[in-house]
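Please read the structure below before turning to the comments.
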Amino acid sequence: MQHWLRHEVRAPEDIREDVVLGVNEALANCVEHAYRSRREAGAMKLQASYDPGAESIRVCVSDRGSWRKPSSRQTTDPRASRGITLMHRLADHCTIHARPNGTSVYLDYTTDADSAVQQ
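All the letters of the sequence shown, read from the start, carry residue numbers 1 to 119 under full-length UniProt numbering.
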């Protein structure tokens, strides 16, 4: 991801860093939550696209695991659900599509520094 962003995407470094951190968080959520109830390892899919004309990056991280609403988790851990909050704050738009057969997280970023600051 870092190599692709550095060599293929025209965006300020701080935006590229936000993309990497948001994607890492989405992938970490797959590892931590998606396949928790299964014995076998599960797969994750990462897709990224850059539209220079629209000055935007779209990343999709998806899995075939089971979604649990954050409120359905019984935990006293104060760090619970921080990942979702972090993804929403890092991306210009974060959309989570949870289905019985998997979850997709879409992270959209504006690559124009002036537009990103205004949002």
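Using N, Cα and C, we set each Cβ at its ideal position, and we do this for glycine too. Keep in mind that this is a model prediction, so the values were computed, not measured.
In the structure shown, Gly53 falls within a coil segment according to DSSP collapsed to helix, strand and coil. Just measuring C-alpha positions, the residue of Gly102, Ile96, Pro100, Ala91 sitting nearest Leu21 is Ala91. Taking each of Tyr50, Val59, Gly65, His88 in turn and checking the Cα distance to Ala41, the smallest one comes out for Gly65.
Within the same chain, Cβ atoms closer than 7 Å to the Cβ of Thr95 are found at Tyr106, the five residues on either side in sequence being excluded. The three-state secondary structure of Gly65, taken from DSSP, is coil. DSSP, reduced to helix, strand and coil, places Thr103 within a strand of the structure shown. For Asp108, the beta-bridge partners assigned by DSSP are Arg58, His93. The C-beta of Ala54 has fewer than 16 other C-beta atoms within 10 Å across all chains shown, which makes the residue exposed.
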